[in-house]
Every structure is written in C-alpha cells, then in structure tokens.
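Undergrad:
In UniProt numbering, the protein residues as written are 1 to 129.
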C-alpha cells in the first residue's frame, strides 16, 4: 500500500472502533499481533480492545494526527465525551465526563496490523476531568 492508501485503510479501522465493531477486525488485524510487547491472537486483541471500550458508557474517537509510511502508522487519537462505567487500568469511575488521548504506533504487513505500541493518557483517565 502507498502511504495514502495505508492512512485510508487505518481510518476505516478507526471507524470500526468508533461504531462498536471491535470484534470484526479480521480485515485490519493479522492472525497474531504484538501489543506493547505481548503476542496475542487476533481474537485476543479484539477482546482486549472491545473490553476496553465496554468500560465506557460514552466515548467518541477521532484521530488528531496521522502519519503513515509504507508499513507504519503513527496516530494521536483523541477520546472525547468519555464516561467511565467500569474499572479500567486500575482507575475507578467517578461519573464525570472527560477527554483523553492515546499515542499509538502500528506496523502493518500485507495491509494488516502486526504490531501495536500504545501509550494512553493515564493521568486523564485517573483524574477524569
């Protein structure tokens, strides 16, 4: 894929996440994927992502910055209108609506994600303001 094709493909992946289709990522994620150094099957990765989103009663996802080359995508994702309903990463819900960001780097092979390196704004998650 060219960088612009890879960016468009990645934007479709984000659309799946934003429309609660995290368990339908077979067109975007390889059979195995490494997430922050841990090897997962696609099903485990989908369960991880879906499980994180289930912790929120409301959440909107929008890319603020995307940089793509032949096989990598870097993105700053803004999560807005977040309302945590269940514990996530050790953080308890407060009932407040808040925004947070994630900086994430993906490596693709044959159009599918094979590696994810992610850093979530845990301070915003902890403070929920």
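Note that CB positions come from ideal geometry on N, CA and C, so glycine has one too.
Let me check understanding here. Comparing Cα to Cα, which of 28, 114 and 84 lies closest to residue 127?
TA: The shortest C-alpha separation from residue 127 is found at 84.
Undergrad: Exposed or buried, which one is residue 8 when buried takes at least 16 other CB atoms within 10 Å?
TA: With fewer than 16 other Cβ atoms within 10 Å, it is exposed.
Undergrad: My guess is that residue 88 and residue 52 are in contact by the Cβ rule of under 8 Å, so how many angstroms apart are they, rounded?
TA: Rounded, the Cβ-Cβ distance is 7 Å, consistent with contact.
Undergrad: Pull up the distance between the alpha-carbon of residue 50 and that of residue 24, whole angstroms please.
TA: About 10 Å.
Undergrad: Measure from the alpha carbon of residue 124 to the alpha carbon of each residue in 94, 3 and 5, then state which is nearest.
TA: Ranking the options by Cα distance to residue 124, first place goes to 94.
Undergrad: What are the boundary residues of the beta strand (DSSP E) that includes residue 34?
TA: Here the beta strand (DSSP E) through residue 34 covers 29-35.
Undergrad: What's the gap between the Cα of residue 34 and the Cα of residue 104?
TA: Rounded to whole angstroms, residue 34 to residue 104 spans 13 Å at the Cα level.
Undergrad: Below 8 Å CB to CB, which residues in the same chain sit around residue 16 once its five sequence neighbours on both sides are set aside?
TA: Only 22, 24, 25 and 28 meet the Cβ criterion.
Undergrad: Looking at C-alpha atoms only, which residue of 58, 65 and 101 is the closest neighbour of residue 20?
TA: Residue 20 has its Cα closest to that of 58, out of 58, 65 and 101.
Undergrad: Give the secondary structure of residue 125 by DSSP, where H, G and I count as helix, E and B as strand, and everything else as coil.
TA: If DSSP states are grouped into helix, strand and coil, residue 125 belongs with the helices.
Undergrad: Take every Cβ of the stretch 72-81, pair it with every Cβ of the stretch 106-125, and state whether three or more of those distances are shorter than 8 Å.
TA: Yes: the two stretches touch, three or more of their Cβ pairs being nearer than 8 Å.
Undergrad: On the DSSP bridge assignment, give the partners of residue 19 in chain order.
TA: In DSSP, residue 19 forms no bridge with anything.
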